[in-house]
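Protein chains in written order, with my numbering: chain A, 2 to 182; chain B, -16 to 221; chain C, 1280 to 1825. Just so you know, even glycine gets a beta-carbon here, dropped at the ideal spot from N, CA and C.
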Amino acid sequence: MERVRLATVWLGGCSGCHMSFLDLDEWLLDLAPRIELVYSPLADVKEYPEGVDVVLVEGAVANEENRQMAKVIRRRTKVVVSFGDCAVTGNVTAMRNPLGKSLEVLRTSYLLESAGTGLRLPDDREIVPVLLDKVEPLHAIVPVDHYLPGCPPSAARIKAVVEDLLAGHAPSRAAEVIRFG
Amino acid sequence: MAVVTLTIDDKPVSARAGESVLDAAKEAGIEIPTLCHLPGVSEAAACRLCLVQVEGRGRLQAACVTAAAEGMVVRTQTDTLREYRRMILELLFTEGNHVCAVCVANGNCELQTLAAELGMDHVRYPYLNPARPVDVTHKQYAIDHNRCILCTRCVRTCDEIEGAHTWDVAGRGTSSHVIADMGQPWGESVTCTSCGKCVQSCPTGALFRQGSTVAEMTKDREKLGDLVTARREKKWSV
Amino acid sequence: MDHDDLQRIAEGERAAAKSAEIRCCTSSGCRASGSKEVLSRLKAAVEANGLGDRVAAVGVGCPGLCSAGPVVQTHPDGAAFGKVTADHADGIVSALSGGSAGAVRIDPHQPFFTKQLRIVRATAGQIDPERIEAYIAAGGYEGLYRVLQRRPDEIVADVTASGLRGRGGAGYPTGLKWATVAKMPPGQKYVICNGDEGDPGAFMDRSVMEDAPHQVLEGMAIAAYAIGANQGYIYVRAEYPLAIERLQTAITQARKAGLLGRGVFQTPFEFEVEIRIGAGAFVCGEETALIASVQGLRGTPRPRPPYPAESGLWDRPTLINNVETFATIPAILRNGPAWFAAIGTATSKGTKIFSLTGKVKNAGLVEVPMGTTLREVVEQLGGGTADGKAVKAVQTGGPSGGCVPASLLDTPIDYESLASIGSIMGSGGMIVMDDADRMPEVARFFMEFCADESCGKCVPCRVGTVQLHGLLTKLVEKRATRHDLDTLIELCHLVRDTSLCGLGQSAPNPVLSTLRYFAGEYEALLQPEEFARPTRRSAVPLTVIS
């Protein structure tokens, strides 16, 4: 049996979804022979490869790098899964949106309005990716095939979805699988 | 008592004359989703989730305010209705700032539960992300407008059950918001009796007990209906 | 007041009439361009020329041709002048005795005037709306007198037989509405006149209230007698200060004359009218929201049934009709239902007032028989576009209506025909557009209006209109794709099918009707998809006509 080329990506999120994935413990050993992990924060691969079968994308699209990455992922992947609430809804990452555009967010966060802090906005574009004015869920940037909500999605939920995808059918959308939070 | 017979989702159902289609369906074990409906207070017919198709009527009807009638044929689960309900929920999620993961009502929220039950695995419209305030001036309770869906259950509960009418709605369109008295901070309200019924009535985490953290705010919404029934039937008179 | 008194007032008014009159429009449109000053200079010029014994300069209601305002007409020679300034006053007075007027003459025999049939606006531009005597001399309150000599059910039967349908927009049969309220058990009932006209580009009702306030009162009094009410309310938007002022003057005069209050025409009939002023919400034109507002509550609609006819103001049976509807009533009762039913089409009787605006040459108010085609109104009465360009479309019915393309201008104006082409009669706004008007932008304008005016009670209207406005903005700014257009259509269906009241239910109409006739303009704005998307599946039709 040919191994499924699986990737996982960490965009604007806390990596809790990846932690939950690791909570699958010994099942990961069952998974290992069925997949090839071609890109992941858990694997030291520098560039997102071509020809990925399934990707789990954690995190919202919060900065320019996330945005470009999302497009690369979409171009090079058959099945894109929004992995966790940040990717699905923006979630905690998007809680900055009501504060205003990126400049207001930075001002508020770094208390630049306070007198005498002497602080300056981090503006070195070579080092720090530019924040987008609005944090968006993944599907606002590129088409997404499946949604796996949860903050984080429980290990059991992840397992159910990955099992379905490896078996080649669409994951369940039952209430217990798609509940936010 | 006059009784009528109608058909709901191909199932023959009997109802008391004047009873709503929503209640008749519920008694027959057919659940129609609702958000602004709350047993014990008047109907607002505002959330539009309980819309059903009634044969012979051109427009969709809100089951909560449609009286069951003899021979009526009702459908509650057509593909279109399911799609519309999901769309309405999506609109609600875009309108406020609903972050289930950090909400006091996580796991005990009617909006969250309905979204899951109605198959809403993501929201297709852009989030509006309004800047909305949180009022923590009341000594026991707080209101987080980010989580308010304007169902007005608190408004009706306060007016009709407690009789205080502390809450009402100000503004219009998507800038509508619930206010205490004439718009002062809740803690400065002169009419609020601190009874907490509004907190129990709230379907989301918008109204909550202070000190509750994520997923800690459980609500006992049935108590309000029981209270009204008990008052009406003088169940506790000594 | 008895019938002799009424006739005495009428005769006295006619006897006192001067042999010539200079009539200056003092309604809102002309007033805004300085007609009050014109009138006072005309009065001064009459005096200065020693003509006071045979010539009178009087302020009158709106003659209709607002784009030529301020408008002055002379009587009985029938001359008319437009764009009159105070400096033209002497010339116009001297023209009465053969001098040169110096002001721009308006041809009183042009189709704008001759093609009209003025029933509701019969006295507009002819008499002083601030004097009850002038209205009585023109036959006013005669209808009420005759009504009071008959049984209420006969009056309801007459209104039913006339075929009159509500002029507020929906076209509900007026007689049926009256009959419903009349049949409710006796007790406190109310009559409400809906003067909350709010469609952008519509000012028919403002004009009727300003030009013929007594006619509105007479219609309400007739209705009150027919259904058994003793109290009426006129709900007028605060943006119409002159209408409020003139209605208040009319109420005071009518009460003083004994035409309102107790024992009208020495019968047991009693009727009082009060004005309620709106606070700026468009949705208060919706009858249940209006009723809540009259009661001092937040103006939001409630589900119907119960209809106001059964349970309305303070839960009592309430008859609520629009200004133009009430103003049509006196003529029907004076001339008989058969006379009225002979005008118009099989299903739409009588006349309808339209406010012609936009790119039209003759902007203003026209009253035409039902069944007149849109083309006649726009091209003959309206004179086509101001700069001679081709008419592209006509928007009828305001934010609840639709855009009718030029190819359908031969559609007769009646409730059913307009509905069949995706528009509505509405209250009577008619906005003419030419090639410079981009339909998606027109649709966006109306959606912005609806989002602003949504009361916020029900979810699809409150949020759906905002999302629709966002999608239309994305489209107009050339950022939208086919996927967005599908979403737009899907949301239009949701808002139309699931909103609580007429505001939301009709809010998508401008989008759907422009999509229906001008789809190419939408398509031209679409951008290619950056990524392929699977074919959309939806239980909601993704077509404009479902």
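DSSP places Cys87 of chain A inside the alpha helix (DSSP H), whose first and last residues are 86 to 90.
Here DSSP, grouped into helix, strand and coil, assigns Phe191 of chain B to strand.
Assignment of Val1470 of chain C by DSSP, reduced to helix, strand and coil, places it in the strand class.
Contacts with chain C at 8 Å (Cβ-Cβ) include Arg75 of chain A.
For Pro144 of chain A, the closest of A:Gly14, A:Gly151, A:Ala71, A:Leu23 by C-alpha to C-alpha distance is A:Ala71. For Thr1567 of chain C, the enclosing alpha helix (DSSP H) begins and ends at 1566 to 1573.
Contact between the segment 139 to 159 of chain B and the segment 31 to 51 of chain B is not established, with fewer than three Cβ pairs separated by less than 8 Å.
For Arg1812 of chain C, the chain A residues whose C-beta falls within less than 7 Å of its own C-beta are Pro144, listed in chain order. About 16 Å separates the beta carbons of Val58 of chain A and Ile36 of chain A, which is beyond the 8 Å limit, so they are not a contact pair. Straight through space, the alpha carbons of Phe22 of chain A and Ile159 of chain A are spaced by roughly 7 Å.
Runs of the alpha helix (DSSP H) spanning 4 or more residues and lying entirely within the segment 79 to 163 of chain B occur at 93 to 100, 136 to 139, in chain order. If you draw a straight line from the Cα of Thr196 of chain B to the Cα of Asn89 of chain B, it is about 10 Å long.
With a threshold of 8 Å between beta carbons, Ala125 of chain B makes no contact with chain A. Gln1574 of chain C and Cys15 of chain A have their alpha carbons spaced roughly 54 Å apart. Listed as beta-bridge partners of Ala(-2) of chain B by DSSP are B:Val(-13). Taking a beta-carbon distance threshold of 8 Å, Pro1349 of chain C does not count as an interface residue toward chain B. When DSSP states are grouped into helix, strand and coil, His147 of chain A belongs to the strand group. Taken through DSSP and simplified to helix, strand or coil, Leu133 of chain A comes out as strand.
Here Phe1548 of chain C carries a coil assignment [DSSP, helix/strand/coil]. For Ala1818 of chain C, at least one C-beta of chain B is nearer than 8 Å to its own C-beta. With a 10 Å radius around the Cβ and a threshold of 16 neighbouring Cβ atoms, Lys47 of chain A comes out exposed. Ranked by Cα distance from Thr1567 of chain C, the options C:Gly1419, C:Cys1734, C:Arg1654, C:Thr1364 are led by C:Cys1734. Looking at B:Arg130, B:Ile13, B:Thr140, the one whose alpha-carbon comes closest to that of Glu93 of chain B is B:Arg130.
Judged by DSSP secondary structure, His1354 of chain C falls within the beta strand (DSSP E) whose first and last residues are 1351 to 1354. Using a Cβ-Cβ distance cut-off of 8 Å, the segment 1415 to 1423 of chain C and the segment 1647 to 1658 of chain C are not in contact, since fewer than three pairs of beta carbons, one from each stretch, lie closer than that value.
Annotation for Ala1380 of chain C: Ala1358, Phe1360, His1367, Gly1370, Ile1371, Ser1373, Ala1374 place their beta carbon closer than 8 Å to its own, counting only its chain and skipping 5 residues before and after. Interface residue (Cβ-Cβ distance to chain A less than 8 Å): Asp62 of chain B is not classified as such. Scanning B:Thr96, B:Ala50, B:Val106 for the CA closest to the CA of Leu74 of chain B turns up B:Val106. Of the residues assessed, Ile1692 of chain C falls on the buried side of the cut-off, its CB having 16 or more other CB atoms within 10 angstroms. Annotated as proximal: Thr1652 of chain C and Thr1690 of chain C, with beta-carbon spacing under 8 Å. Secondary structure note for Gly1308 of chain C: its alpha helix (DSSP H) is the uninterrupted segment 1307 to 1311. Residues of chain B whose Cβ lies closer than 8 Å to the Cβ of Ala1730 of chain C are, in chain order, Gly156, Thr157. According to the DSSP assignment, Glu59 of chain A belongs to the beta strand (DSSP E) that extends over 53 to 59. For the pair Gly182 of chain A and Asn91 of chain B, the Cα-to-Cα distance works out to about 11 Å.
The beta carbon of Gln69 of chain A lies closer than 7 Å to none in the same chain, with the five residues before and after it left out.
For a Cβ distance threshold of 8 Å, nothing in chain C lies close to Arg136 of chain B: the least Cβ distance comes to about 13 Å.
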